[in-house]
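Below: the structure, in structure tokens.
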Amino acid sequence: MTGSERGPIERPALSRCIRVPADEFAERYWGREPLLSTAAELGAGFDDLFSVAAVDELITRRGVRTPFIRMANEGAVLAASAYTASGGFGAEVADQVSSDKVLAEFAGGATIVLQGLHRLWPPIIDHTRELIDDLGHPAQVNAYVTPPSSQGFDPHYDTHDVFVLQISGEKHWRIHAPVHVDPLRAQPWDQHRGAVARAATGEPVIDAVLRPGDALYLPRGWIHSATALGATSVHLTIGMAPFTHTDVVDVLLREVGENAALRTSLPLGIDLRDEEALAPIVAQTVQALVEMLQQTDASRPAAVLANRFDGETRAEPVAPLATLEALATLDASTAVRWRASLPVLVTTIDDRVRIVGRAKTLSLPIEAEQAVRRLAAGGTVRAGELPGLDAESAVVVVRRLMREGFVVAVA
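If you read the sequence shown in UniProt numbering, its first letter stands for residue 1, the second for the next number, and so on.
Here is the structure:
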């Protein structure tokens, strides 16, 4: 089947956040335009991901520490001491959240920011991992809890794309076009503070109130500010740090040191302030660089960027105790599947099947190739039904894959 004959790629986690088909979003909106989606258009809310009760639980019962929590009031970030304290006997850690201090600051108009929820709150951990699978770019999640009629941050832009998911209450958003398109991480909004402030006084591109179940997508660089209305507002901000063409260029330029022509010294006695003297050297350097890049294939950038992606994202967590218990009772009837969000490269070398994963490489006898490829293709299968192996051998292979973190048991 050719690419043109395939149907649209299903991206279920992404589709929860947008009112248009995923392929239309990819072509029209991703990195280009904001998209507002109402609860009525999405057809479901986000109560399964987060709630007001979840905010209180994190603040009162989870021992959250900085930087997983911060607070801001009218654009100014509060000192950590304003909302943290020691955990007391048996937990003498000075920067744990203090519910009393948070209450005082929140009642005074401060916004609570719960950061890194993709590492703290189970439903968000799963949703973020699935969204990363859909996007192909790293993502992280913060919650913003704003008291009535308060604005947490001044108009600004982010250097990453965001999805805003309104959980509770209402928030008035004003979106303005970029003054610096597609900013990189090293190009934050305060480098253009004056231009941002002027742009924020103009006619907004989007002027809307987000209500529970609504979602807003903003590409990086789009200026935004938000004010809570008649009740406390809780929303999730899913931040995505897209890989860019600049990242590819950075990888390619690392190869400069391998080029003999580009390693040579500049002439003895050269005056680097003399543009005329430097001009032919620049031209020669550009020519040598172009020739080098024209001979470069995609293998090096692919390897470097994939390694960086693996370092910035996480596979489905494994449960150590449950895994050991499953190993103890593993037999041909045990249902197993490949660990979610764990892409691998499966190859054969010297009568061995080789599995190259995020953090490790595993080599198995060539007889296991069909079974490995069946598991890596996805879906649940019983160990004894894996192709190319008898039941006893299949259990041995599954046991090794499970111990190495490639396969998980299905309850």
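For every residue, glycine included, the Cβ atom is placed at its ideal position computed from N, Cα and C.
Check	Outcome
Quick check on this structure: which residue in R62, P155, H172 has the alpha carbon closest to the alpha carbon of G202?	P155
Is there contact here, the segment 295 to 304 with the segment 354 to 373, by at least three beta-carbon pairs under 8 Å?	no
Can you list, in chain order, the residues of its chain whose CB lies under 6 Å from that of residue 412, leaving out five sequence neighbours each side?	Nothing about residue 412 can be read from this structure; the chain reaches only from 1 to 411.
Can you round the beta-carbon distance between L386 and A371 to whole angstroms, since I take them to be within the 8 Å contact cut?	4 Å
Please state the DSSP three-state secondary structure of R403.	helix
CA-CA distance, A197 and A76?	16 Å
Please return the same chain residues whose Cβ sits closer than 7 Å to the Cβ of L117, not counting the five positions on each side in sequence.	I124, V141, N142, A143
Say whether chain C places a C-beta atom closer than 9 Å to the C-beta of V397.	You won't find chain C in this structure, because it holds only one protein chain.
Buried or exposed: I112, going by 16 or more other Cβ atoms within 10 Å of its Cβ?	buried
Among the residues of its own chain, which have a CB less than 8 Å from the CB of T244, if the five just before and after it don't count?	D182, L184
Considering only the alpha carbon of each residue, which of I9, I175, V55 lies closest to L36?	I175
Short of 8 Å in beta carbon distance, which residues of its chain neighbour V407, apart from the five on each side in sequence? Order them along the chain.	V336, R337, W338, R339, L375, V398, L401
When the Cα atoms are used, what is the spatial distance from L342 to G269?	55 Å
May I ask you to verify whether the segment 300 to 307 touches the segment 259 to 274, counting CB pairs closer than 8 Å and requiring at least 3?	no
Tell me whether the segment 208 to 215 and the segment 38 to 47 touch, counting them as touching only if at least three CB pairs, one residue from each stretch, are closer than 8 Å.	yes
When you compare only the Cα positions, how much space is there between V64 and L58?	7 Å
Is the distance from the Cβ of V205 to the Cβ of W222 below 9 Å?	yes
Please classify N307: does DSSP put it in a helix, a strand, or coil?	helix
Would you say G136 and G230 are within 9 Å of each other, going by their C-beta atoms?	no
Below 8 Å on the Cβ atoms is my contact criterion, and I expect R403 with T334 to pass it. Report the Cβ-Cβ distance as a whole number of Å.	About 14 Å separates the two Cβ atoms, so there is no contact after all.
Which term fits I238, buried or exposed, when burial requires 16 or more other beta carbons within 10 angstroms of its beta carbon?	buried
With a 10 Å radius around its C-beta and 16 neighbouring C-beta atoms as the bar for buried, classify Q287 as buried or exposed.	exposed
Can you have a look at V282 and say buried or exposed, based on whether 16 or more other CB atoms are within 10 angstroms of its CB?	exposed
Below 8 Å on the Cβ atoms is my contact criterion, and I expect Q96 with G87 to pass it. Report the Cβ-Cβ distance as a whole number of Å.	4 Å
Pick helix, strand or coil for G384, following the three-state DSSP scheme.	helix
Among all the DSSP beta bridges, which residues are the ones paired with S233?	T146
How about Q166 and S233: are their beta carbons less than 9 Å apart?	yes
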